[in-house]
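Undergrad: Using my numbering, read the sequence shown as starting at 193 and increasing by one per residue.
For every residue, glycine included, the Cβ atom is placed at its ideal position computed from N, Cα and C.
It should be emphasised that the depicted structure is a prediction, and the values quoted were computed from it without experimental measurement.
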Amino acid sequence: MQTKKKDIRALTKEQLRDFFVSQGDKSFRGNQVYEWLWQKSAHSFETMTNLSKETRQMLEDNFVINHIKVDQMQRSKDGTIKNAVRLHDDLVVESVLIPTSTRTTACVSSQVGCSLDCKFCATARLKIMRNLNPDEIYDQVVAIDNESRLYFDRPLSNIVFMGMGEPLMNYNNVLKAIDKITSTEGLGMSPKRITVSTSGVPKMIRKMADDGVKFKLAVSLHSAIDEVRTSIMPFNAKFSLADLRKALEYWYEKTKSRITYEYVVWKGINDTQFAVDALVDFCRFAPSKVNLIEYNPIDDGDFRQAPDSAIQMYVNTLERNGITVTVRRSRGKDIDAACGQLANKQ
Ligand code: SAH
193 MQTKKKDIRA LTKEQLRDFF VSQGDKSFRG NQVYEWLWQK SAHSFETMTN
243 LSKETRQMLE DNFVINHIKV DQMQRSKDGT IKNAVRLHDD LVVESVLIPT
293 STRTTACVSS QVGCSLDCKF CATARLKIMR NLNPDEIYDQ VVAIDNESRL
343 YFDRPLSNIV FMGMGEPLMN YNNVLKAIDK ITSTEGLGMS PKRITVSTSG
393 VPKMIRKMAD DGVKFKLAVS LHSAIDEVRT SIMPFNAKFS LADLRKALEY
443 WYEKTKSRIT YEYVVWKGIN DTQFAVDALV DFCRFAPSKV NLIEYNPIDD
493 GDFRQAPDSA IQMYVNTLER NGITVTVRRS RGKDIDAACG QLANKQ
């Protein structure tokens, strides 16, 4: 009977070294394989040319490399690229490359589908299927880094966890992926160039603070009034803004790292002076930045982008209160690659 082969990238370097010792080989073979798996992102054992044929065969007999496959790549008029990424079990997630004149940002997924229920987000309509493994997150980043080198002649510069899923609901795997991305044994990127975006899970924000993580935190707030936030992000009923704020205060106390709030202004939902004032109140406790993001319609009549005058009211009030604010235009809308549009339409 054939036993099921193990995913080799679920092993730590230590475990790989131990495996080779258990096979009567030298432990440093483990280091060599580890380097192939992570730094060189090998797709097969065959390509590990500094190992003997027998060793490669032995690995083949015991393990699999569950590398992702970019099934389809779409390019937007504005240069944005969307990858449909097939996983080893044939599920599909999406990741996006967002170029500017000086940077390339990768927007990666952390789950297949999403367990949250934000009414304005296309991903929320897909049921949660499963969490992504650390290597599946890592592979998305490598794929985008390769595309950046190929099409823009420069390496990837930033990563945002703003694709499909809620990263804090898959915290351990996201953390492991970031460890690999930032390690010199992986991509060696600075954690300061990585932003984890969350809809705000208080318990996990505290955990991140306790873990002393070095990446940046963004919170998808969209409203600082419980009643309104619960109506558009129903899980807010469970957590509440007071809890979220306490967790964020704790985060700031521990990390001294500025918090970014993502915020869409919708017509008739949060386009009032009262709503802006609540936002100012909510984020006053720590240095904050508000990203006003454009709404990307997802065939839902309930949500409409507020007019420019409402955006201007937000900008004026926030600036007057010393809060940094940016107005972000969407990228990649023509290929359904913008915020909230990732839903495996193909
Ligand atoms: N679950 C995480 C990350 C994924 S969503 C989070 O909630 O932060 C990434 C960002 O896109 C979030 O700020 C989310 O609120 C926003 N978003 C979702 N749907 C959108 C839409 N239709 N238009 C614009 N932004 C949207």
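Give me the Cα-Cα distance between serine 287 and valine 482, rounded to the nearest whole angstrom.
TA: Cα-Cα distance, rounded: 24 Å.
Undergrad: Nearer than 6 Å: is that true of the beta carbon of threonine 390 relative to any heavy atom of the ligand SAH?
TA: Within the cutoff, so yes.
Undergrad: Pull up the DSSP beta-bridge partners for leucine 409, would you.
TA: Its beta-bridge partners are Val388 and Ile451.
Undergrad: For leucine 484, list the residues DSSP reports as bridge partners.
TA: DSSP lists Tyr455 and Val519 as partners of leucine 484.
Undergrad: Alpha carbon to alpha carbon, how far is serine 412 from tryptophan 392? Give it in angstroms, no decimals.
TA: Before going further, note that residue 392 is glycine rather than tryptophan in the sequence given. Each residue's alpha carbon lies about 7 Å from the other.
Undergrad: When burial is assigned at 16 or more other CB atoms within 10 Å of the CB, is serine 480 buried or exposed?
TA: Serine 480 comes out buried.
Undergrad: Throw me the rounded Cβ distance for the proline 291 and phenylalanine 344 pair, which I believe falls under 8 Å.
TA: That pair is a contact at about 6 Å.
Undergrad: Measuring only from the beta carbon, is serine 412 closer than 6 Å to any heavy atom that is part of the ligand SAH?
TA: The answer is yes for serine 412.
Undergrad: How many whole angstroms separate the CB atoms of alanine 535 and arginine 317, which I take to be in contact at a CB cut-off of 8 Å?
TA: 6 Å between Cβ atoms; contact.
Undergrad: Going by Cα to Cα distance, which pick from Ser423, Gly524 and Cys475 is closest to isoleucine 461?
TA: Checked all of Ser423, Gly524 and Cys475; the closest Cα to isoleucine 461 is Ser423.
Undergrad: In terms of alpha-carbon separation, which member of Ser415, Ile273 and Lys384 lies closest to aspartate 337?
TA: Measuring from the Cα of aspartate 337, the nearest candidate turns out to be Ile273.
Undergrad: Give me the Cα-Cα distance between isoleucine 503 and threonine 464, rounded to the nearest whole angstrom.
TA: So the two alpha carbons sit approximately 10 Å from each other.
Undergrad: What is the DSSP secondary structure of serine 340, reduced to helix, strand or coil?
TA: Serine 340 falls in the helix class under three-state DSSP.
Undergrad: Given lysine 269, which residues of its chain have a CB within under 7 Å of its CB, disregarding the five upstream and five downstream residues?
TA: Closer than 7 Å at Cβ, skipping near neighbours: Asp526.
Undergrad: When DSSP labels each residue in this structure, what does methionine 265 get in the three-state scheme?
TA: Here methionine 265 sits in strand by DSSP.
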